[in-house]
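Data block below; observations after.
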Amino acid sequence: MSETTVGVVGAGLMGSGIAQVAARAGARVILQDVGEEQLARGLSAIAVSLDKFVEKDRLTRAEADATRARIEVTTDLGDLGGASFVVEAAFERLEVKTELFSVLDQVVGPDAVLATNTSALPVTQIAAATARPERVVGTHFFSPVPLMQLCEVVRGFRTSDDTMTRAVAFAEQVGKTVVVVNRDVAGFVTTRLISALALEAARLVESGVATAEDVDTACRLGFGHAMGPLQTMDLTGVDIMVNAADNVAAETPGDTFAVPGLLRRMVAAGSLGRKTGQGFYTYP
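For the sequence shown, my numbering begins at 4 and goes up steadily by one.
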């Protein structure tokens with residue numbers, strides 16, 4: 004990827020991780036966010052992650068330094084104009100993403116691929132905010148991006164075969180195993196599965212059937228999951244789960260994806276998981 008310039012919009016947990024793996028693969032990366040503070044946090048997260056890889060002998064110090072050196076930062080979306088592949092990793096709200104894509108459509112070249120790192124929002128609707136829906140694709144990376152192997156590549160209604168090929172190639176070049184989602188259904192494959200499990204786990208806790216700890220233990224030991232669904236929700240953010248489930252529920256008949264009141268109360272109280280220090284568990 005040494006000849007590739009990759010743009011990443013959003014320097015949060017997902018965006019900084021995507022920037023890191025793209026730079027590790029040899030690409031020049033331009034990481035954009037709205038403010039210097041957000042960019043500084045993103046670069047700090049990348050530095051900490053790279054240091055951990057060095058400590059575990061998965062990278063040399065020279066490789067880590069070279070990875071960091073390939074990442075530039077900016078607050079100006081216009082600086083992404085030379086990117087051939089842009090991944091948007093902004094907040095999981097449709098209006099935020101469509102506004103960004105309408106701007107990116109005017110910024111990047113006509114052959115650039117615009118990818119949205121969404122877990123549940125409709126790629127087709129995001130693509131409709133541009134004049135190039137055939138060049139828009141979903142690339143659903145998983146958190147933490149430098150460690151998680153999977154990436155869902157999602158075809159929107161008008162995504163071209165060439166764009167799908169390029170998106171799959173990009174994900175594989177940054178070290179991911181790809182699952183291709185051929186139809187843009189709400190929640191794709193993984194979000195539908197984890198949402199159904201996580202929402203039912205929250206209902207079990209809400210109704211007093213079992214504690215969060217016991218529900219997570221049951222899933223780890225009974226199903227071989229690395230993390231329980233409530234631990235996973237704390238990691239990704241309770242608010243993110245609520246938004247994703249609401250998006251899936253809006254397009255899916257039945258109550259499978261109905262958000263339990265417990266989760267809405269947690270969001271209202273600011274108990275969003277690791278990022279706020281309190282979710283189903285407490286984080287010092």
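Beta carbons: idealized from backbone N, C-alpha and C, even for Gly.
Model, not experiment: these values are computed from the prediction.
Problem set entry | Other residues of its chain near ALA213: CB distance less than 7 Å, five sequence neighbours each side excluded | LEU207
Exercise. Could you give the distance in angstroms between the alpha-carbon of THR259 and the alpha-carbon of ALA199?
Worked result: 6 Å
For this session: Can you have a look at MET236 and say buried or exposed, based on whether 16 or more other CB atoms are within 10 angstroms of its CB?
Result: buried
For this session: Could you tell me whether any Cβ in chain C is nearer than 8 Å to the Cβ of ASP217?
Result: The structure shown contains no chain C; it is built from a single protein chain.
Exercise. Counting only runs that start and end within the segment 222 to 262, where is the alpha helix (DSSP H) found for 4 or more residues in a row?
Worked result: 232 to 239, 241 to 253
Exercise. Relative to the C-alpha of ALA48, which residue among GLN128, GLY257, GLY15 is closest?
Worked result: GLY15
Exercise. Buried or exposed: where does SER210 fall if 16 or more other Cβ atoms within 10 Å of its Cβ makes it buried?
Worked result: exposed
Exercise. Does the beta-carbon distance from VAL251 to GLY190 come in below 8 Å?
Worked result: yes
For this session: Rank VAL156, ILE129, GLY38, ALA261 by C-alpha distance to the C-alpha of VAL76 and give the top, closest one.
Result: GLY38
For this session: Measure the C-alpha to C-alpha separation of VAL89 and GLY10 and round it to an integer number of angstroms.
Result: 4 Å
For this session: Answer with buried or exposed for VAL139, where buried requires no fewer than 16 other C-beta atoms within 10 angstroms of its C-beta.
Result: buried
For this session: Report all residues from its chain with a CB closer than 7 Å to the CB of GLY280; omit the five preceding and five following residues, and keep chain order.
Result: TYR286
Problem set entry | Residue nearest to PHE144 in terms of C-alpha spacing, selected from ILE129, VAL171, SER163, THR127 | VAL171
For this session: For the segment 5 to 57, list the alpha helix (DSSP H) runs that are entirely contained and at least 4 residues long, ordered along the chain.
Result: 16 to 27
Exercise. With which residues is ALA132 paired in a DSSP beta bridge?
Worked result: None; ALA132 has no bridge partner.
Problem set entry | Residue interval of the beta strand (DSSP E) (run including THR77) | 74 to 77
Exercise. Is PRO136 closer than 8 Å to ARG161 when the C-beta atoms are compared?
Worked result: yes
For this session: Could you say if the segment 94 to 103 and the segment 240 to 256 meet the contact criterion of at least three C-beta pairs nearer than 8 Å?
Result: yes
For this session: Can you tell me which of GLU91, ALA69, ALA271 puts its alpha carbon nearest to the alpha carbon of ASP54?
Result: ALA69
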